[in-house]
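Let me begin by presenting the structure, written as structure tokens, before commenting on it.
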Amino acid sequence: MQILQLPRGKIKELNINDVRMGTLTTQALLPHLDVMDKLRLVSSSNDMNLSPYMEDISRKILNRQNKIEISIFGPATKHIRPMFRCLDKISKLSISEVNLTSNDHRSLEEAKVQHPSLQVEYMKYPYR
1 MQILQLPRGK
11 IKELNINDVR
21 MGTLTTQALL
31 PHLDVMDKLR
41 LVSSSNDMNL
51 SPYMEDISRK
61 ILNRQNKIEI
71 SIFGPATKHI
81 RPMFRCLDKI
91 SKLSISEVNL
101 TSNDHRSLEE
111 AKVQHPSLQV
121 EYMKYPYR
């Protein structure tokens, strides 16, 4: 993903579609999360290998000054739980309803009460 080689602050919105995340990709993404406005992770047939990296991504979001919009669609939604600890740094969370567990759905509904400014949008997948 050559776009992640851009200087920090140049990427305001990033869509990652069906890219298998690895250590190098994640390490390249993390510095941009400080200033990025929107991050969209879309998987159509696999989970993008997000599980090992969601802790790092959510930790970086937790340390942000400003809020960010996050979209996670497809099987990658299974790895949403680490994001729950940084919901106060997320202005809008769009996720695919089909892949969300009932426990995660319930947790998000409770989080909306705790974080009134958080917008949660449940989308049907595939998202277009």
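My numbering numbers the first residue of the sequence shown as 1 and each following residue consecutively. Ideal Cβ positions, reconstructed from N, Cα and C, are used throughout, including at glycine.
message: Rounded to whole angstroms, what is the Cα-Cα separation between T25 and R40?
response: To locate residue 25, count along the sequence shown from 1; it is residue 25. To locate residue 40, count along the sequence shown from 1; it is residue 40. Counting only the Cα atoms, R40 lies some 15 Å from T25.
task: Assuming G74 and S51 form a contact by the criterion Cβ under 8 Å, report the distance between their Cβ atoms to the nearest whole angstrom.
output: Numbered from 1 along the sequence shown, position 74 holds the residue referred to as residue 74. Numbered from 1 along the sequence shown, position 51 holds the residue referred to as residue 51. Not really, about 14 Å apart at Cβ, beyond 8 Å.
DSSP three-state assignment for S71, whether helix, strand or coil: Stepping through the sequence shown from its first residue, residue 71 is reached at position 71. DSSP places S71 in the strand class (E or B) of the three-state scheme.
message: At the level of alpha carbons, what is the spacing between H115 and D88?
response: Against the sequence shown, residue 115 aligns to sequence position 115. Against the sequence shown, residue 88 aligns to sequence position 88. Between the alpha carbons of H115 and D88 lies a distance of about 6 Å.
- request: Can you have a look at L33 and say buried or exposed, based on whether 16 or more other CB atoms are within 10 angstroms of its CB?
  value: Position 33 of the sequence shown, counting from 1, holds the residue named residue 33. So L33 counts as buried.
query: Where does I80 sit, in a helix, a strand or coil, going by DSSP?
result: What you label residue 80 is simply residue 80 of the sequence shown in a count that begins at 1. In the structure shown, I80 adopts coil according to DSSP, grouped into three states.
- request: Measure from the alpha carbon of Y53 to the alpha carbon of each residue in K112, N103, K124 and R20, then state which is nearest.
  value: Counting from 1 along the sequence shown, the entry for residue 53 is found at position 53. Among K112, N103, K124 and R20, the Cα nearest to that of Y53 is on R20.
- request: Identify, in the order they occur along the chain, each residue of the same chain with its Cβ nearer than 6 Å to the Cβ of Y127, setting aside the five sequence neighbours on each side.
  value: Walking along the sequence shown from the start, residue 127 turns up at place 127. Model confidence at Y127 stands at a pLDDT of 49, short of 50, so the residue's coordinates are unreliable; what they give is reported in the following sentence. So the qualifying residues of the chain are F73.
H79 versus I68 - alpha carbon distance: Looking up residue 79 in the sequence shown gives position 79. Looking up residue 68 in the sequence shown gives position 68. Going from the Cα of H79 to the Cα of I68 covers about 18 Å.
- prompt: Helix or strand or just coil, what does DSSP make of R40?
  reply: Residue mapping note: residue 40 aligns to position 40 of the sequence shown, counting from 1. Strand, per DSSP.
query: In the structure shown, what three-state DSSP assignment does K89 receive?
result: Position 89 of the sequence shown, counting from 1, holds the residue named residue 89. Correct three-state label for K89: helix.
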